[in-house]
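Under the working numbering, read the sequence shown as residues 40 to 465, first letter to last. Following: one structure in structure tokens, then a few remarks.
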Amino acid sequence: MRVLIVGSGGREHAIVWKLSKSPKIKKMYCAPGNAGIAELAECVEIQGEDIERICQFAVANKIDLAVIGPEVPLSLGIVDALEDKGIRTFGPNKKCAQLEASKAFTKKFLERHRIPTARYKEFTDRRKIEEDIGIFGYPMVIKADGLAAGKGVIIAETKEEAEKAIGEIMGDKVFGTAGDKIVVEEFLTGVEASMLCFVDENTIVPMESVQDYKRIFDGDKGPNTGGMGTYSPSLIFDGELQEKINNQILLPTLKGFQEDGLNFKGVLFVGLMIKDGEPKVIEFNNRFGDPETQVILVRLETDLLDIFEAVINNRLSEIKLKWSEKKAVCVVMAAGGYPGNYEKGDKIYGLEKVDKEVTVFHAGTVMKTSKQAGPSNDCYIATNGGRVLGTTAFGETHEEGRIKAYDNVKRITFNGAQYRKDIGLM
Ligand code: AMP
Ligand code: GLY
């Protein structure tokens, strides 16, 4: 089989890494990929948003299966476009991708199907939202409706902060058209957790649980990021909570998809807030999480290709997912300044010192050619994004996985590197 993976982050490296263990795959391409992915797949310089060129490439290279990592190409309809060309593709179509691309769309879906979530109201008129300021009290949760690279949610503690956020979103258009509509929500308290599920038209199957760390600094301080680390399984989940999530959230969601004619196929990422054992949905994403995928896929024992094929063929119910009992911990190394401005192009040292059983998933990395390397004439791997690497280790216990991950992280260096010291620390 010839497979094309679209994306360039740690998530896509983990997908490529896992698929590389599938005996049925003869050739893998990744568009655009990164320096780590290039060791396992042929990288082609096409961005995921360039749907026309992705389609041309897929047809010209007789791709049997395409797998879409990030949300932006999904929301632009890459799955519909590839399928029109006869390319079987793993990921939701454009209509279903609204579940991530529009928060108002998801809130209406949740409300219609009586799935527990925060109360909300949507606004397209700045004057109206200012009249309703503090409608659910403070903190006031203010969300740009559309995709904003994980930055579109503002938790305003005061009226002044809320006015400033509304001005930025609707006046200054800091998120562009993603902020034409605003969703305001009741502020939920509790513990956050994520549940990723494989979904086809008849079945929804949760993966192993995972805990992520969204803030940049230790102790959950500082601004939100795409994710600074993860561990799996999460310690929050027990049988009772899992059953509640199944009965109150996952099964009603599948039924809702069927009733609404949403033929969702792919990964549904359910962001949850859990308080006193009661789960509520914070958000849906329609793809694998990053860095959730890294710890999930190293624990998955089933062939990932078989799962992708089963989802596409609506035969997910026939697959039994097998998981390693081991615990996994992923520590993200980010560029200095992230999630604000950061440098690119710094040489990364020490990757060769990492233990064999530890996997370093590349996120923002690039291979500098000998020409770019200057006088030394050697190729080298350099930073090329905010989140740079995700060092992922196993242990019999969370603690063993954590110690192993950090032991290896310390062998890798680059200018300005920062990472949290408390990932997986109980
Ligand atoms: P989202 O992009 O919708 O996942 O929101 C990003 C983050 O904002 C979440 O991970 C939560 O930490 C926080 N958040 C979003 N909605 C709410 C809410 N209704 N109440 C409290 N926190 C929220
Ligand atoms: N780590 C959060 C996400 O992938 O959206």
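We put the CB at the ideal spot given by N, CA and C, even for glycine.
Identify whether residue i lies in helix, strand or coil by the three-state DSSP scheme.
i      : result
Ile117 : helix
Ala74  : coil
Leu344 : helix
Phe276 : coil
Cys418 : coil
Tyr381 : coil
Gln457 : strand
Glu207 : helix
Arg254 : strand
Gly108 : coil
Ser271 : strand
Asn263 : strand
Val83  : coil
Lys190 : coil
His52  : helix
Ile462 : coil
Pro330 : coil
Ser233 : strand
Val397 : coil
Pro155 : coil
Asn447 : helix
Gly440 : helix
Taking the C-alpha atoms as reference points, what is the distance between residue i and residue j?
i      : j      : result
Thr349 : Arg153 : In the sequence as displayed, the identity of residue 349 is Ala instead of Thr. Distance between the alpha carbons of Ala349 and Arg153 is about 29 Å.
Met345 : Asn73  : Residue identity check: residue 345 is Asp in the sequence provided, not Met. One C-alpha to the other measures close to 25 Å.
Gly389 : Gly425 : 19 Å
Asp211 : Lys142 : 20 Å
Thr269 : Lys124 : 37 Å
Thr436 : Ser273 : 12 Å
Leu115 : Glu88  : 7 Å
Gly316 : Ile335 : 24 Å
Phe308 : Ile451 : 31 Å
Gly376 : Ile462 : 19 Å
Glu51  : Lys57  : 10 Å
Arg338 : Tyr381 : 32 Å
Phe467 : Val106 : With the chain covering 40 to 465 only, the question about residue 467 has no answer from this structure.
Gly185 : Lys220 : 8 Å
Val244 : Phe296 : 15 Å
Lys134 : Ala140 : 10 Å
Ile358 : Phe237 : 11 Å
Val368 : Glu298 : 38 Å
Phe347 : Val306 : 10 Å
Of all the options the options, which has the alpha carbon lying nearest to the alpha carbon of residue i?
i      : options                        : result
Thr163 : Ile174, Arg254, Phe148, Val222 : Val222
Thr408 : Tyr419, His401, Phe400         : Tyr419
Gly379 : Pro318, Ser271, Lys190         : Lys190
Thr264 : Asp329, Gly295, Pro131         : Asp329
Val45  : Lys65, Cys69, Ile54, Trp56     : Cys69
Thr197 : Ile181, Gln457, Leu186         : Ile181
Val397 : Gly300, Glu439, Glu225, Asn353 : Glu439
Met179 : Glu199, Thr430, Ile451         : Glu199
His401 : Val371, Gly375, Phe226         : Val371
Gly384 : Val213, Met406, Ala367         : Met406
Leu355 : Met465, Thr242, Ile387, Val118 : Thr242
Asp342 : Ala183, Ala204, Ser61, Ile194  : Ser61
Lys319 : Asp277, Tyr381, Ile387, Gly229 : Gly229
Gly49  : Phe96, Arg92, Pro109           : Pro109
Lys395 : Ser363, Ala374, Ala444         : Ala444
Met234 : Glu364, Ser271, Gly75          : Ser271
Asp257 : Ser47, Met40, Lys460, Ala53    : Lys460
Gln333 : Ile172, Glu247, Ala77          : Glu247
Ile85  : Pro112, Gly75, Lys101          : Pro112
Ala183 : Lys203, Ile172, Asp171, Gly215 : Gly215
Gly75  : Ile284, Phe276, Thr422, Ile288 : Thr422
CB-CB under 6 Å to residue i, same chain, minus the five flanking residues each way: which ones, in chain order?
i      : result
Leu138 : Thr145, Phe323, Asn325
Leu79  : Val55, Ser59
Val42  : Ile64, Met67, Leu104
Arg165 : Met209
Ala478 : In the structure as shown, the chain begins at 40 and stops at 465. Residue 478 is therefore absent and cannot be evaluated.
Pro291 : His152, Ile154
Ile321 : Gly310, Met312
Thr430 : Val370, Val399, Ala444, Asn447, Val448
Starting from the C-beta of residue i, find all residues in its chain whose C-beta is less than 7 Å away, skip the five residues before and the five after it, and write them out in chain order.
i      : result
Ile174 : Lys160, Val223
Asn353 : Asp239, Glu240, Asn241
Lys361 : Glu340, Thr341
Leu464 : Arg441
Return the chain-ordered list of same chain residues with a C-beta closer than 8 Å to the C-beta of residue i, the five sequence neighbours on each side being excluded.
i      : result
Thr261 : Looking at the sequence shown, residue 261 is not Thr but Gly. Once the five neighbours on either side are set aside, the close Cβ partners of Gly261 are Arg254, Ile255.
Glu81  : Lys66, Met67, Tyr68, Cys69
So which residues put a beta carbon under 5 Å from any heavy atom of the ligand AMP, going in chain order? Cβ atoms closer than 5 Å to the ligand AMP belong to Ala157, Val180, Val192, Glu224, Phe226, Leu227, Gly310, Ile321, Glu322.
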